[in-house]
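Residue numbers are given in the numbering used here: position 110 of the sequence shown equals residue 110, and the series is strictly consecutive.
Here a beta-carbon is modelled for each residue, glycine too, at the ideal position from N, C-alpha and C.
Here is the structure we will look at, set down as structure tokens.
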Amino acid sequence: MTDNLRTLLFDQAACRAQIVRLDKAWKTVVSHHNYPQPVLEILGHLVAASALLSASLKFEGSLILQIQGDGPVRLMVAECTNELHVRATVKLAEDSLIAPDADFTSLLNGTGKGLCALILDPKNRLPGQQAYQGVVPLEGKNIAESLQAYMKSSEQLDTRLHLFANEETVSGVLIQQMPKDGGHAPENFDADGWDRLIALSATTTAEEMLKLPMADMCYRLFTDMSPNILAERTVEFQCTCSRKKVARMLLGLGQTEVDATLQEHPHITVHCDFCNSAYVFTEKQCQELFSNDQDLDPPDEELPEDANVVADLSREGKPPTLH
Ligand SMILES: [Zn+2]
């Protein structure tokens with residue numbers, strides 16, 4: 001089944017909807033890790049939301065949703081580019097015990113210190129250009145409520161989100177009021193349209209949204225309002241990690257720290273949190289890196305045999321680490 005995202009336009013109500021359904025991309029995200037069930041569901045909601053929000057923005061680059069938790073889940077990240085390439089990861093607290101029925105608040109916001117961040121990282125960032133970052137306290141009892149609160153506090157556009165996830169599939173609906181050009185309502189403006197859309201989208205159930213194909217989902221939800229299909233696009237898993245980025249990270253750590261690691265280990269292996277790829281740098285390659293930091297692409301044939309292999313799956317949720 002294709003992973004896709006459909007944009008619907010409700011012309012007379014001056015509203016639009018995004019609907020997403022991911023199977024393959026979601027299974028790829030979770031195949032790299034072994035998340036406890038309640039964590040997996042929340043991450044699925046965040047992945048669906050990242051695709052829905054990315055599709056609703058006119059922005060070239062990555063939209064990153066980051067939840068910083070105060071409980072067993074320390075960090076949860078979902079990223080979606082304007083080309084609808086998604087990736088996601090979770091960092092759990094060391095030795096965390098997560099009950100099968102653990103809820104959103106106990107996992108992420110038990111003491112009310114959780115944070116919700118939305119980052120827009122431009123595709124071709126100019127030197128000195130910063131990514132946009134908005135951070136608000138984590139609110140609500142799920143990802144949808146947290147992001148609605150975020151949108152309300154930071155944007156003028158009224159937004160509603162409904163998100164669903166299990167091990168196989170994630171799906172979601174976003175409805176949004178569109179800015180009225182110059183304050184003029186469209187001809188034959190449907191003044192009750194927004195309220196009807198809110199009511200219709202609230203009738204979504206996990207059972208339907210995780211089973212029905214896209215066309216059936218849209219028909220079931222919105223056919224009474226005769227929307228136009230504005231776009232239908234494919235969503236894919238894709239990780240943007242690279243050997244060059246890892247080399248830059250090692251340069252950022254500095255030679256002293258890299259040398260200290262090499263005292264204890266024959267080479268340095270850096271794992272990508274998102275796709276679990278492992279990047280290996282031998283002592284010689286590290287020396288070359290620091291002696292000539294312009295050349296960040298050592299030839300592949302110099303790598304040891306275990307370079308760029310998919311790493312041990314027990315390392316899930318940890319930041320890039322040296323070992
Ligand atoms: Zn990666």
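I'd like to confirm the pairing. Which residues does DSSP put opposite Met151 in its beta bridges?
In the DSSP output, where bridge partners are listed per residue, Met151 has none listed.
What's the C-alpha gap between Ala49 and Leu120?
14 Å
Using DSSP bridges, identify the partner residues of Ser62.
Thr81 and Asp121
Would Gln176 and Arg160 qualify as a contact pair, given that the criterion is a beta-carbon distance under 9 Å?
yes
For ligand 1, any of its heavy atoms closer than 8 Å to the Cβ of Phe281?
no
Quick one, are the C-beta atoms of Ala131 and Gly140 less than 9 Å apart?
no
According to DSSP, is Cys15 part of a helix, a strand, or is it coil?
It is a strand residue.
Within the same chain, show all residues whose beta-carbon is closer than 8 Å to that of Asn4, passing over the 5 residues directly before and after it, in chain order.
Cβ neighbours of Asn4 beyond the five flanking positions: Val20, Arg21, Met214, Glu232, Arg233, Thr234 and Val235.
Under a three-way DSSP split, which group does Ser277 fall into?
strand
Where does Lys244 fall in DSSP's three states?
Helix.
Where does Phe164 sit, in a helix, a strand or coil, going by DSSP?
Looking at Phe164 - three-state DSSP - the assignment turns out to be strand.
Return helix, strand or coil for Gly128, following the three-state DSSP convention.
coil
In chain order, what are the residue ranges of uninterrupted beta strand (DSSP E) at least 3 long that sit wholly in the segment 171-237?
Runs found: 228-234.
Beta-carbon distances below 6 Å to any heavy atom of ligand 1 define the shell here; list its residues in chain order, please.
Cys239, Cys241, Cys272, Phe274, Cys275 and Ser277
Starting from the C-beta of Ser274, find all residues in its chain whose C-beta is less than 6 Å away, skip the five residues before and the five after it, and write them out in chain order.
It is Phe, not Ser, that sits at residue 274 in the sequence shown. Excluding positions up to five away in sequence, the list reads Arg87, Thr89 and Cys239.
Look at the alpha carbon of Thr2 and the alpha carbon of Asn142, and state the distance between them as a whole number of angstroms.
Distance between the alpha carbons of Thr2 and Asn142: 27 Å.
Look at the alpha carbon of Asn292 and the alpha carbon of Arg243, and state the distance between them as a whole number of angstroms.
16 Å
If I measure Cβ to Cβ from Asp158 and keep anything under 6 Å in the same chain, skipping five residues before and after, which residues do I get?
Around Asp158: Gln177.
Taking the alpha-carbon of Ser62 as reference, which of Asn188, Gln133, Phe164 and Trp194 has the nearest alpha-carbon?
Gln133
Using beta-carbon positions only, say whether Leu46 and Pro72 come within less than 9 Å of one another.
Cβ atoms of Leu46 and Pro72: not closer than 9 Å.
With respect to 8 Å, is the separation between the Cβ of Ile19 and the closest non-hydrogen atom of ligand 3 below this value?
With respect to ligand 3, the structure offers nothing, as its ligand set consists of ligand 1.
Using DSSP with H/G/I as helix, E/B as strand and the rest coil, what is Cys286?
helix
With C-beta atoms as the reference, is Gly114 less than 9 Å away from Ile67?
Yes, the pair counts as a contact, with Cβ atoms nearer than the cut-off.
To the nearest angstrom, how far is the alpha carbon of Leu107 from that of Leu52?
24 Å
Measuring alpha carbon to alpha carbon, tell me which residue in Gln285, His162 and Cys286 is nearest Glu207.
His162
On the three-state DSSP scale, how would you describe His32?
Here His32 sits in coil by DSSP.
Do Thr28 and Phe237 have their beta-carbon atoms positioned less than 9 Å apart in this structure?
yes
What's the gap between the Cα of Pro100 and the Cα of Leu210?
20 Å
Among Asp259, His32, Gly44 and Asp192, which residue has its Cα nearest to the Cα of Met225?
Asp192
The beta strand (DSSP E) spanning Leu9 covers which residue range?
Asn4 to Phe10
What first and last residue would you give for the beta strand (DSSP E) that runs through Thr269?
His267 to His271
If you follow the alpha helix (DSSP H) that Glu94 is in, where does it begin and where does it stop?
No alpha helix (DSSP H) holds Glu94; DSSP gives it neither H nor E.
How far does the alpha helix (DSSP H) with Thr169 in it extend, from its first residue to its last?
Segment: none, Thr169 is in no alpha helix (DSSP H) and carries neither H nor E.
Per DSSP, which one or two residues make a beta bridge with Leu107?
DSSP lists no partner for Leu107.
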